[in-house]
Every structure is written in structure tokens, then in C-alpha cells.
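Offset between the sequence shown (1-based) and the numbering used here: plus 60.
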Amino acid sequence: EGMAMVEIYLGDWQVLFGNSEAAARSYARANQLLLDAGIDQLTINRVFAEPKLLPAFNFISSWEQALAGLDARDQPSSSVEDVSNFSFRQWSPQFPYSKAPVDYGADDSLEMDDEYAIFSFNLAGLEEGGRWHRGRFRKGVSSPRDLELLTINFREPVNRMELENSILNLNFRPKLEDGAPQSVNATLSYQFAGE
Numbered sequence: 061e062g063m064a065m066v067e068i069y070l071g072d073w074q075v076l077f078g079n080s081e082a083a084a085r086s087y088a089r090a091n092q093l094l095l096d097a098g099i100d101q102l103t104i105n106r107v108f109a110e111p112k113l114l115p116a117f118n119f120i121s122s123w124e125q126a127l128a129g130l131d132a133r134d135q136p137s138s139s140v141e142d143v144s145n146f147s148f149r150q151w152s153p154q155f156p157y158s159k160a161p162v163d164y165g166a167d168d169s170l171e172m173d174d175e176y177a178i179f180s181f182n183l184a185g186l187e188e189g190g191r192w193h194r195g196r197f198r199k200g201v202s203s204p205r206d207l208e209l210l211t212i213n214f215r216e217p218v219n220r221m222e223l224e225n226s227i228l229n230l231n232f233r234p235k236l237e238d239g240a241p242q243s244v245n246a247t248l249s250y251q252f253a254g255e
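Below you can see the structure in the form of C-alpha cells.
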């Protein structure tokens, strides 16, 4: 079980550094190691049924922790089948594109006076993509595709292109079914840090 969790984190590492083939191999090996440890495929699929925003702040070293985390607060919640919901709170105005560490600040629920934007997008498994941003070509794996702004609430003008680029730079552990990456639709509530 421990080796399977190591393979999951190796797959996450490969996603962060743009190597989709190595990530797919790691996720498939993790699935096989869990099966070899006597865990049934349905339970494995349930644990990895939702994508996860990377880097993952909560290190899970055992299968028991993974099972306990099914109902944890940081898991995305699904209100509609095959739609994953994520919340991203900026760490601070000085780090606008960094996620706040676990339990930094308060809860992730939106208040009417919060500054936020809600986007929808899809995640196409471990599909590789690239785009130009600030004069550089950026390659991404398991990054948002078909980004669409649903709602925006800001007191001051926001550079929408920069905001969208910051979201397109996010990476996700894909939904895994039988160890294979799957496509999902998702929404992201992007909250700006308070002053």
C-alpha cells in the first residue's frame, strides 16, 4: 500500500513537470499495487474518483488515510454527476497565483463581500497542451481546457487575461478509473486574498 501511495505522488510530480507518459505509468502501477495488496477495484476507483488540485498539501502515506479522506473538507464536492467543484483561495496579495496553505485564513466558503470569480472548464485526463504566456511557451499536463467565466465579483478592476492565465497554469491529478486518467468537467471558485 505504501509503495502505491509513492507511485501516486510520483505521478503527481510527473504531472507538475509536464511528463504525461510517466504520470500515466505511475498511476497505473499504483492501481496494480493496490490490487496486489488485496484492495478491490471499486474501492480504489472511489478514492480516486475526483481530480485533485496539485500540489497536494495533505500528504497521505497509507491506504487508511486515503479512505478516511474520502469525506475530508479538501475533496471537491460534486453537485452534478461528472462535475467536480474546486475552491482556490489566494495565499496573499503578494503571492496572487499561489494557493493558501491548508487552513490558512478561514474556511473556503464564499461570502457576499468576498472578491471572487467562478470558472467552468474541463480536464482531459493527462492531455498535454501548450500556450504562449508572457513571451514564453508553457507546456501543461492535466491543466484546465475550455475555460469559461461564469461569475465575477471584484471591487477593483482585474486584469482578466492574467486571472485566466493563472487558472490555466494550475495542474490537477486526474480522475482515475482502473488506474487510467479520465476526463471530467469542473468549476473553480477563485477567491482573492483579503488585504
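Backbone N, C-alpha and C fix where the C-beta goes; we use that ideal spot for every residue, glycine too. All values reported here derive from a predicted model rather than from experimental measurement.
Cβ distance (whole Å) where residue i is taken to contact residue j below 8 Å
i	j	result
N91	D238	6 Å
G189	P241	That pair is no contact at about 14 Å.
L183	F108	Contact doesn't hold; Cβ gap of about 13 Å is too wide.
F179	E216	Not confirmed; about 19 Å, so no contact.
R220	F181	Actually they do not touch by this definition, with Cβ atoms about 15 Å apart.
Cross-strand partners of residue i (DSSP beta bridge)
i	result
T211	I178
Y250	F148 and A177
A240	E237
R205	N182
E188	V201
F77	In DSSP, F77 forms no bridge with anything.
L297	In the structure displayed, the chain extends from 61 to 255; residue 297 sits before or after that span and is not available.
Beta carbon of residue i nearer than 7 Å to that of residue j
i	j	result
R149	Q251	yes
I104	L94	yes
S147	S226	no
E67	W123	no
Y87	L236	yes
A253	S158	no
F214	E175	yes
V260	N79	In the structure displayed, the chain extends from 61 to 255; residue 260 sits before or after that span and is not available.
I212	A177	yes
P115	P234	no
With 16 other Cβ atoms within 10 Å as the buried cut-off, status of residue i
i	result
L102	exposed
M65	buried
L230	buried
G71	buried
L210	exposed
A97	exposed
A128	exposed
L130	exposed
- Message: For the segment 78-85 against the segment 198-214, do three or more pairs of beta-carbon atoms, one drawn from each stretch, fall closer than 8 Å, so that the two count as touching?
- Response: yes
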